[in-house]
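Engineer:
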Amino acid sequence: MNRFISTFAVIFAFIVLPGTIYAQSNLDSTNYRILDPNVDAGGGQESSTSFSLIGSVNELSDSRLTSGSYELKAGFPNGILANVPVINCFETDTTSGTTNCNYFPNANGAQGECGNPGCYNRAKLEIDDQNNPIDTIYLVQITDTTNSVTYYLQSDHTLGTSYDINDFLTQCFLEGIDVDDTACDDSGDANWDEDLQRYNILGLLSETDYEVSVAALSGDFTGTRFSQVATTTTQVPSITFDLDIASADSESSAPYSVDIGEITTVSVATATDLIWIDLGTNSNNGSSVFVRDIAGQLLSPSTSETIPSESEDLASDPNANGGYGLKIQSVSENSLGPLQEGPVYSTTGSDEVGALSSINTLLVFTDTTGTNLGPISGGRASLAVKARSIVTDAAASDYSDEITFIAIGNF
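Numbering (this note's numbering), first residue to last: 2 to 412.
1. To the nearest whole angstrom, what separates the beta carbons of Gly323 and Ser390, a pair I think is in contact under 8 Å?
2. For Gln341 versus Thr367, is the C-beta spacing smaller than 8 Å?
3. Per DSSP, what are the beta-bridge partners of Pro309 in this structure?
4. Are the CB atoms of Gln236 and Asp94 nearer to each other than 8 Å?
5. Determine the extent of the beta strand (DSSP E) in which Gln112 is found, giving its start and end residues.
6. Are Cys120 and Asn283 touching if we call contact CB-CB under 8 Å?
7. What is the residue span of the alpha helix (DSSP H) that Glu195 lies within?
8. Please tell me whether Gln131 and Pro86 are closer than 8 Å, where the distance is taken between their beta carbons.
9. Could you check the C-alpha separation between Asp182 and Leu218 for me, to the nearest Å?
10. So what does DSSP say about Asp168, is it helix, strand or coil?
11. When DSSP labels each residue in this structure, what does Cys185 get in the three-state scheme?
12. Which runs of the beta strand (DSSP E) spanning at least 3 residues fall entirely within the segment 225-293, listed in chain order?
13. What does the alpha-carbon distance come out to for the pair Ser207 and Asp274?
14. For Thr171 and Leu364, I'd like the C-alpha separation in whole angstroms.
15. For the beta strand (DSSP E) containing Val332, list its first residue and its last residue.
16. Just mark Ser62 as buried or exposed, buried being the case when its beta carbon has 16 or more other beta carbons within 10 Å.
17. I need the boundaries of the beta strand (DSSP E) containing Asp210, first residue and last residue.
18. Thinking C-beta only, is Thr233 closer than 8 Å to Glu353?
19. Quick one: Cα of Asn101 to Cα of Tyr200, how far?
20. What is the rounded straight-line gap between the Cα of Ile1 and the Cα of Pro118?
21. Spatial neighbours of Ser188 within its chain, please: CB distance less than 8 Å, with the 5 preceding and 5 following residues excluded, ordered by chain position.
22. CB-CB under 7 Å to Ser303, same chain, minus the five flanking residues each way: which ones, in chain order?
23. Assign Asp314 to one of three DSSP states: helix, strand, or coil.
24. I need the boundaries of the beta strand (DSSP E) containing Gly380, first residue and last residue.
25. Please name the residue, chosen from Asn103, Pro309, Gly338, Leu160, that lies closest to Leu327 on a Cα-to-Cα basis.
26. Please indicate yes or no: does the CB of Glu313 lie closer than 7 Å to some heavy atom of the ligand FAD?
27. Quick one: what's got a C-beta closer than 6 Å to Leu203's C-beta in the same chain, skipping five residues either side?
28. To the nearest whole angstrom, what separates the beta carbons of Asp329 and Leu384, a pair I think is in contact under 8 Å?
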């Protein structure tokens, strides 16, 4: 009788005991000893001639089911959780050969949107939704690892140190495009946004390292952990500016001088060589090139005679005093911009020029008016130098002027 009661107590204790057994050592008590116990992930029954053991594994607390590249869960509430998204790209300085992004409007990665050498205060993020529904919303966490500050992407795509439900965005409102959403898959859709396809994280610091990760939410109690991180480094604000003197579009080196040739009273003299300007910038608001000279005229040191610099058509010389100035012959760019002409030197007549003076005067520029983009890659402009004299014996060697060009970024 006593033996039967003891055996029953052992069986009852194992039937009602829930939980997870990981230990591989023996289990002892005053009434029994279990050698090398183990319960597999599927539960089930373990038995011997002395006892019967029914057990189960608590998947939710089993850290062995999660790694850096996967997460395995079972049971409620895991069946309703959204899928953890994957980051396709997080970029500031990529080119066409290095980008992982799929939806840059231009064909040259982040540099195609921000100019060379890349973005200094913004970035492009794209995610793989891992087959989440199109109405799934995503929270973006951004860590400034240089300064150890964690931010969250706000609904206006700037950064904040906290968030609320309004900062969870659908893929369409995060990236400006969602090929799975017929209301956001091409330019004819109201929610499609090309600006967000250029860059969708704003307000970053230049020369700073960042990490980004993304969590998904597809209804109550469905929020996921944050994804694996992606990293990038913002660039520095940059302007590239160069001058060349040549008859055709080619490179040259300093010192720079232009020979106008013989200046007469009967016709307009045009220098054979053009002044060529190179301009590139990643400034969001664009860049401007200004020009000025010393005294607003050509001066002959030997005779002290002058040819004034005036905005006029030198062919007709309405003031009958000769004249001298610059005329924009051409402007172009490889991408972004466009490069635009300053009004003084953007003249229509073949011999119509703009005046030079000691005051900085806008020559060429980029801006963000309308559909214009401030950054520019491969901006190129050519300028003709023209003059006409009222002195019959004037010679090119008798007159000179010093011209200064200044490039300014609108950062």
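Just so you know, even glycine gets a beta-carbon here, dropped at the ideal spot from N, CA and C.
Structural biologist: A quick look at the data gives this:
1. Within the sequence shown, residue 323 is the residue found at index 322, counting from 1. Within the sequence shown, residue 390 is the residue found at index 389, counting from 1. Between Ser390 and Gly323 the Cβ distance is about 5 Å, and since that is below 8 Å, they are a contact.
2. For this step, residue 341 is matched to residue 340 along the sequence shown. For this step, residue 367 is matched to residue 366 along the sequence shown. In this structure, Thr367 lies closer than 8 Å to Gln341 by Cβ.
3. If you number the sequence shown from 1, residue 309 lands on position 308. Pro309 pairs with Gln298.
4. For the purposes of this step, residue 236 is taken as residue 235 along the sequence shown, with counting starting at 1. For the purposes of this step, residue 94 is taken as residue 93 along the sequence shown, with counting starting at 1. Yes, these two residues count as a Cβ contact at 8 Å.
5. For this step, residue 112 is matched to residue 111 along the sequence shown. Not the beta strand (DSSP E): Gln112 falls in the alpha helix (DSSP H), residues 112-115.
6. Within the sequence shown, the letter at position 119 stands for residue 120. Within the sequence shown, the letter at position 282 stands for residue 283. Yes. Within cutoff.
7. The count along the sequence shown starts at 1 and reaches residue 195 at position 194. Taken as a continuous stretch (DSSP letters only), the alpha helix (DSSP H) holding Glu195 covers 195-199.
8. As a position in the sequence shown, residue 131 is number 130, starting the count at 1. As a position in the sequence shown, residue 86 is number 85, starting the count at 1. Against a cut-off of 8 Å, the Cβ pair of Pro86 and Gln131 comes out as a contact.
9. In the sequence shown, residue 182 corresponds to position 181, counting from 1. In the sequence shown, residue 218 corresponds to position 217, counting from 1. Between Asp182 and Leu218, the C-alpha separation is close to 17 Å.
10. Against the sequence shown, residue 168 aligns to sequence position 167. The three-state reading of DSSP puts Asp168 in helix, counting H, G and I together.
11. Within the sequence shown, the letter at position 184 stands for residue 185. DSSP places Cys185 in the coil class of the three-state scheme, outside both helix and strand.
12. 231-234, 240-247, 275-282
13. As a first step, residue 207 is located in the sequence shown; it is residue number 206 there, counting from the start. As a first step, residue 274 is located in the sequence shown; it is residue number 273 there, counting from the start. Cα to Cα, Ser207 sits roughly 40 Å from Asp274.
14. One-based indexing of the sequence shown puts residue 171 at position 170. One-based indexing of the sequence shown puts residue 364 at position 363. In a straight line, the C-alpha of Thr171 is about 44 Å away from that of Leu364.
15. As a first step, residue 332 is located in the sequence shown; it is residue number 331 there, counting from the start. Unbroken beta strand (DSSP E) run through Val332: 324-333.
16. Here residue 62 is taken as the residue at index 61 of the sequence shown, counted from 1. The predicted model places Ser62 with a pLDDT of 46, which falls under 50 and marks its position as unreliable, so this point remains unresolved.
17. Position 209 of the sequence shown, counting from 1, holds the residue named residue 210. 210-218 is the extent of the beta strand (DSSP E) around Asp210.
18. Taking the first residue of the sequence shown as position 1, residue 353 is located at position 352. Taking the first residue of the sequence shown as position 1, residue 233 is located at position 232. In this structure, Thr233 does not lie closer than 8 Å to Glu353 by Cβ.
19. As a first step, residue 101 must be located in the sequence shown, where it is residue number 100. As a first step, residue 200 must be located in the sequence shown, where it is residue number 199. Taking the straight line joining both Cα atoms gives about 14 Å.
20. Any answer about residue 1 is impossible in this case: the structure gives the chain only from 2 up to 412.
21. Along the sequence shown, one-based indexing puts residue 188 at 187. Around Ser188: Glu195.
22. Counting from one through the sequence shown, the residue named residue 303 turns up at place 302. For Ser303, where only same-chain residues beyond five positions count, the Cβ hits under 7 Å are Asp399.
23. Here residue 314 refers to the residue found at position 313 when the sequence shown is read from its first residue. Strand, per DSSP.
24. Reading the sequence shown from its first residue, position 379 is the one you call residue 380. Its beta strand (DSSP E) spans residues 377-389.
25. Within the sequence shown, residue 327 is the residue found at index 326, counting from 1. The option with the nearest alpha carbon to Leu327 is Pro309.
26. The ligand FAD is not part of this structure, which contains no ligands at all.
27. Residue numbering aside, residue 203 sits at position 202 when the sequence shown is read from its first letter. The answer, listed in chain order, is Arg123, His158, Thr159.
28. As a first step, residue 329 is located in the sequence shown; it is residue number 328 there, counting from the start. As a first step, residue 384 is located in the sequence shown; it is residue number 383 there, counting from the start. Here residue 329 turns out to be Ile, not Asp, going by the sequence shown. Contact holds; Cβ gap of about 6 Å.
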